[in-house]
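Numbering (our numbering), first residue to last: 1 to 68. We treat Cβ as the ideally placed atom computed from N, Cα and C, and that holds for glycine. Being a predicted model, the structure only gives us computed values, none of them experimental. Please read the structure below before turning to the comments.
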């Protein structure tokens with residue numbers, strides 16, 4: 001199965017860090033991009049897989065999905 005690298009960060013954490021505050025559940029490092037490798041059929045499936053684990057309604061933003 002193909003592998004993809006997903007670049008993701010958390011906008012809520014970025015906003016808190018800019019304000020000099022801390023997110024109540026996540027560490028400050030989520031303000032930076034994290035790179036996660038995922039196996040999936042295609043780019044859309046890779047994005048869907050990551051969105052299930054890191055949902056947009058909790059502040060996660062997928063910056064890119066790249067085939068490895």
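Residue i in three-state terms, based on DSSP
i	result
residue 40	coil
residue 33	coil
residue 28	helix
Beta strand (DSSP E) segment containing residue i, residue limits
i	result
residue 21	Note, residue 21: premise wrong, no beta strand (DSSP E); not H, not E.
residue 54	Element bounds for residue 54: n/a, residue is neither H nor E.
Within 8 Å, strictly: CB atoms of residue i and residue j
i	j	result
residue 61	residue 8	yes
residue 6	residue 26	no
For residue i: DSSP bridge partner residues
i	result
residue 45	Bridge partners of residue 45: none, in fact.
residue 63	In the DSSP output, where bridge partners are listed per residue, residue 63 has none listed.
residue 6	36 and 65
Residue i at chain B interface by Cβ criterion, 8 Å
i	result
residue 11	Considering every chain present, this structure includes no chain B. It has just one protein chain.
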